[in-house]
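A.B. asks:
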Amino acid sequence: MATEPVPIFTSVIDAHPIPAIATREAARFDALVSEFTQRFGHKPAYIARAPGRVNIIGEHIDYALFGVFPAAVEQDVLIACARRPDDLVLDGGERGHVHAQNLQPKYTPQTFAPMLRDAAITQNTEQSASSHVRLHQWHLDIDPRQLRWESYVKAGYYGVLERFFTPSGSAALESEPVNTDILVTGTIPAGSGLSSSAAMVVASTLAFLAVNDKLDIATPDAPTRRITKGELVSMAVENEKRVGVNSGGMDQAASVTALPSTALYISFYPVFHAEPVPLPIRRTARKAVWVCANSLVQSEKVLGAKTRYNLRVVETLVAARILARVLGLSALLASGDSKFTLREVLAAYVGSGEAKGAPAPALTPEQLSAGLERMLDEVERLRPARLAAREAGADAAQADAAGEELGLTYDEMVRFSGLDAAAFHATYLSWVEVEATRFQIYKRTKHVFSEALRVLRFRAADADALPESTLHDLGALMSASQASCSALFECSCPELDALTALALRSGAYGSRLTGAGWGGCTVSLVAEDEAEAFIARLVAGYPPYAGLGDEARREAVFATVPSNGAFVFKLG
Ligand code: NG1
Ligand code: MG
Numbered sequence: 001m002a003t004e005p006v007p008i009f010t011s012v013i014d015a016h017p018i019p020a021i022a023t024r025e026a027a028r029f030d031a032l033v034s035e036f037t038q039r040f041g042h043k044p045a046y047i048a049r050a051p052g053r054v055n056i057i058g059e060h061i062d063y064a065l066f067g068v069f070p071a072a073v074e075q076d077v078l079i080a081c082a083r084r085p086d087d088l089v090l091d092g093g094e095r096g097h098v099h100a101q102n103l104q105p106k107y108t109p110q111t112f113a114p115m116l117r118d119a120a121i122t123q124n125t126e127q128s129a130s131s132h133v134r135l136h137q138w139h140l141d142i143d144p145r146q147l148r149w150e151s152y153v154k155a156g157y158y159g160v161l162e163r164f165f166t167p168s169g170s171a172a173l174e175s176e177p178v179n180t181d182i183l184v185t186g187t188i189p190a191g192s193g194l195s196s197s198a199a200m201v202v203a204s205t206l207a208f209l210a211v212n213d214k215l216d217i218a219t220p221d222a223p224t225r226r227i228t229k230g231e232l233v234s235m236a237v238e239n240e241k242r243v244g245v246n247s248g249g250m251d252q253a254a255s256v257t258a259l260p261s262t263a264l265y266i267s268f269y270p271v272f273h274a275e276p277v278p279l280p281i282r283r284t285a286r287k288a289v290w291v292c293a294n295s296l297v298q299s300e301k302v303l304g305a306k307t308r309y310n311l312r313v314v315e316t317l318v319a320a321r322i323l324a325r326v327l328g329l330s331a332l333l334a335s336g337d338s339k340f341t342l343r344e345v346l347a348a349y350v351g352s353g354e355a356k357g358a359p360a361p362a363l364t365p366e367q368l369s370a371g372l373e374r375m376l377d378e379v380e381r382l383r384p385a386r387l388a389a390r391e392a393g394a395d396a397a398q399a400d401a402a403g404e405e406l407g408l409t410y411d412e413m414v415r416f417s418g419l420d421a422a423a424f425h426a427t428y429l430s431w432v433e434v435e436a437t438r439f440q441i442y443k444r445t446k447h448v449f450s451e452a453l454r455v456l457r458f459r460a461a462d463a464d465a466l467p468e469s470t471l472h473d474l475g476a477l478m479s480a481s482q483a484s485c486s487a488l489f490e491c492s493c494p495e496l497d498a499l500t501a502l503a504l505r506s507g508a509y510g511s512r513l514t515g516a517g518w519g520g521c522t523v524s525l526v527a528e529d530e531a532e533a534f535i536a537r538l539v540a541g542y543p544p545y546a547g548l549g550d551e552a553r554r555e556a557v558f559a560t561v562p563s564n565g566a567f568v569f570k571l572g
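Just so we're aligned, residue 1 is where the sequence shown starts under full-length UniProt numbering, counting upward by one.
Written as structure tokens, this is what we have:
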């Protein structure tokens, strides 16, 4: 019955052919095709696939634009899709009406249609400071305060609509998005820190590109070409923001650009760059693997974003401004009230000579490490008591660390930023909702710089043959990352602390939370020949695993092999 998936695209991945699908995967694809056909009465035209990722090291530093080190996991999201043949006509035209279903019954079927609305957009032109231009804007209802599965589907759709179907001025649409049926299935547990959200958004972006015939795009200066990985990453990053999390680009980049058997070193400054790194842990005298173990605490990253994820984004951005002032980085501060990141502070500090808007050439890893070492000394100047002493003209070095735990009040933070209250609000808070009584500028910054340095040290293990002691070194970096996430960035939780401690007692070289934290998965570095025994010890030692059946247990704790990034199949 089921149609054999025929790989026609060499995927959106420019140079790399799509991998052969393993037999058990082919069966999964076939099952999805026949289920789609049964539910919608016609065959799917494409299947988009996007994997989740495990972040090996480099947590909460992507939005400060420091490099991170993730790998794709085998777990993924599949979206089967096709243009709906009966072309239901809405108000006189086909307008991208979507029927979305999910194989998982708790995610109920949804239908939605995007609306094209008039929007008065203020544009600055050379002639006048501001003038109103009438534009149309797509609108799809996404409520970031509600966790709804179809929000991620809509988020992926948004970017495709905006990029390819928005008319300028009062012009009519040249072409319209097609009416689409989609069926989604996935194997990445939600809220587990393995980026099911990014996988959903990437797969959805790809599905809507494919079904609307936009994988190959016409460009003004060149013949039609395939959309690049980089373009897909940027679309997916923008798309995911619509769900309400101001994330960095790590997850989408990993989901799109990953290659089998490699981790990725992803850097974001001065430009986005993803570099496959052969796994050091496979080149050691004793081979190792990564074992993911889910704490089974659902990470409330989205619903709790006000006090968690988005708050950290704001704290680290404000920290960049306060640090730039303390360090007297006038070129950065001259950019007025616009935001800049801790990575840009470092670049300005080490004198790479760039002004905002004109990024410097990338620092070499050695220069970056040296710069980070210096920043780790300077960061002490962000201790609340030191900031207060500096403001009062007192001897900062005399100030003790009292108040460090408390952090800064809102008013103190505004004062130390050097902006007036209105400019501060406009720059750092007008685009996001956060809630806190104290802001932890010092602790967050110390985490960011030390974590960025750990990533570089982790990545530096690049000899062909490595002694087993390398695994101890890499493990120690992972455990130090956990300690920093827990004490300084405060994105761990008691269960993650317990599970990582249990992992170390059970023989792991190192163990840490992965992803946003506050629940979700841990990742541990374990000798390959020990992995099975290690998993058994975790299962026995972590009480929430007690009642799990075999399948749930395998879903919660598993050794992982880096998998391939996103692709699309066109079905024959
Ligand atoms: P997860 O755990 O997948 O939600 C989030 C961010 C990342 C990164 C990590 C922390 C999203 C989509 N992703 O990942 O960009 O900042 O937290 O390192 O919000
Ligand atoms: Mg996520």
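Glycine included, each C-beta is placed from N, C-alpha and C at the ideal position. The structure displayed is predicted, hence computed values, not measured ones.
List the residues that DSSP assigns as beta-bridge partners of I79.
C.D. replies: According to DSSP, which records beta bridges pairwise, I79 is partnered with A48 and V184.
A.B. asks: In whole angstroms, what is the alpha-carbon distance linking I322 and A389?
C.D. replies: Spanning the two alpha carbons is a distance of roughly 14 Å.
A.B. asks: Going by beta-carbon coordinates alone, are G520 and G193 separated by less than 8 Å?
C.D. replies: Contact flag set, yes.
A.B. asks: Using the rule of at least 16 other Cβ atoms within 10 Å of the residue's Cβ for burial, across every protein chain shown, is W138 buried or exposed?
C.D. replies: Buried, by the Cβ-count rule.
A.B. asks: Under 6 Å Cβ to Cβ from P418, same chain only, skipping five residues before and after it: list those, please.
C.D. replies: The question names Pro, but residue 418 is Gly in the sequence shown. The answer, listed in chain order, is R325.
A.B. asks: Nearest to E315 by alpha carbon, out of F489, L183, P51 and G67?
C.D. replies: The shortest Cα separation from E315 among F489, L183, P51 and G67 belongs to F489.
A.B. asks: Taking all protein chains shown into account, do 16 or more other C-beta atoms lie within 10 angstroms of the C-beta of L106, making it buried, or fewer, making it exposed?
C.D. replies: It should be pointed out that residue 106 corresponds to Lys in this sequence rather than to Leu. By the neighbour-count rule (16 or more Cβ atoms within 10 Å), K106 is not buried but exposed.
A.B. asks: CA-CA distance, V178 and R83?
C.D. replies: Their backbone Cα atoms lie some 6 Å apart in a straight line.
A.B. asks: From this set, R415, T409 and G407, which residue's C-alpha is nearest A392's C-alpha?
C.D. replies: Closest option to A392, Cα to Cα, is R415.
A.B. asks: What separation, rounded to the nearest whole angstrom, lies between the Cα atoms of A355 and Q75?
C.D. replies: Annotation note: pLDDT 47 at A355 (below 50); position unreliable, no value reported.
A.B. asks: In angstroms, rounded to a whole number, what distance separates the CA positions of L499 and V289?
C.D. replies: Distance between the alpha carbons of L499 and V289: 18 Å.
A.B. asks: When every heavy atom of ligand 1 is checked, does at least one fall within less than 7 Å of the C-beta of A447?
C.D. replies: Residue identity differs from the one stated: residue 447 is His in this sequence, not Ala. It does not: the Cβ of H447 is nowhere closer than 7 Å to a heavy atom of ligand 1.
A.B. asks: Could you tell me whether any non-hydrogen atom of ligand 1 is closer than 7 Å to the CB of Y63?
C.D. replies: Yes, since a heavy atom of ligand 1 falls inside the 7 Å radius drawn around the Cβ of Y63.
A.B. asks: Report the three-state DSSP secondary structure of F9 (helix, strand or coil).
C.D. replies: Only weak support is given to the placement of F9: the predicted model assigns it a pLDDT of 36, under 50, and the value that follows is read from those uncertain coordinates. Residue state, collapsed to three classes: coil.
A.B. asks: Within 10 Å of its beta-carbon, does residue 634 have 16 or more other beta-carbons around it, so buried, or fewer, so exposed?
C.D. replies: Limits of the chain in this structure are 1 at one end and 572 at the other, which puts residue 634 out of reach.
A.B. asks: Closest by CA to S450, which one among G371, A385 and S197?
C.D. replies: If we check each option's Cα against that of S450, G371 comes out closest.
A.B. asks: I'd like to confirm something about Y309: is its beta-carbon nearer than 7 Å to some heavy atom of ligand 1, or not?
C.D. replies: Yes, the Cβ of Y309 comes within 7 Å of a heavy atom of ligand 1.
A.B. asks: Tell me R226's beta-bridge partners as DSSP assigns them.
C.D. replies: Answer by DSSP bridge pairing, in chain order: D216.
A.B. asks: Check whether chain B comes within 8 Å of R24, counting only Cβ atoms and requiring the distance to be less than that.
C.D. replies: Absent from the structure is chain B; it holds one protein chain and no more.
A.B. asks: Below 8 Å CB to CB, which residues in the same chain sit around S479 once its five sequence neighbours on both sides are set aside?
C.D. replies: T500, L504, G510, S511 and R512, listed in sequence order.
A.B. asks: Within a Cβ cutoff of 7 Å, which residues of the same chain sit near K214, ignoring the five residues on either side of it in sequence?
C.D. replies: Around K214: V160 and F164.
A.B. asks: Quick one, are the C-beta atoms of A452 and I61 less than 8 Å apart?
C.D. replies: Going by C-beta atoms, A452 is nearer than 8 Å to I61.
A.B. asks: Using DSSP with H/G/I as helix, E/B as strand and the rest coil, what is G541?
C.D. replies: Three-state result, G541: helix.
A.B. asks: Closer than 6 Å by C-beta to F40: which residues in its own chain qualify, once you throw out the five before and the five after it? Chain order, please.
C.D. replies: Excluding residues within five positions, the ones whose Cβ falls inside 6 Å are D181.
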